[in-house]
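First residue of the sequence shown: 687, per the numbering used here; consecutive thereafter.
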Amino acid sequence: MAAKVTPLSEMLATRKEALGTEDRFDWPVDDEKSFQVRDPRMASEAWRDELVQLGRDFEDGELLPSEFSRELIEMYLDDQTDEYFAL
């Protein structure tokens, strides 16, 4: 008997119902805290372009490792960034 494969559209609808968005997933930190992290596969083309440019800026020496790390985390967490760094 073959396993039932859930269509992506159903998975995204379930995600949207649970989190209020299709382009994020829940990342539990512990039993009490979780973050909603942007799913790069579901992000806009502009967001993915910005992510690639961030990597290029780092490779070109335009960003220090700490700056790169902060900006990368901001891209994935948006307004949850400060809360993440406060942990």
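Beta carbons are placed, not taken as given, at the ideal position from N, Cα and C, and that holds for glycine.
- Taken in chain order, the unbroken stretches of alpha helix (DSSP H) that lie wholly in the region 695-771 and span 4 residues or more are 731-745, 751-763.
- The beta-carbon distance between Val715 and Tyr762, rounded to whole angstroms, is 14 Å. This is too long to meet the 8 Å contact definition.
- A buried status is given to Phe721, since no fewer than 16 other beta-carbon atoms sit within 10 Å of its beta-carbon.
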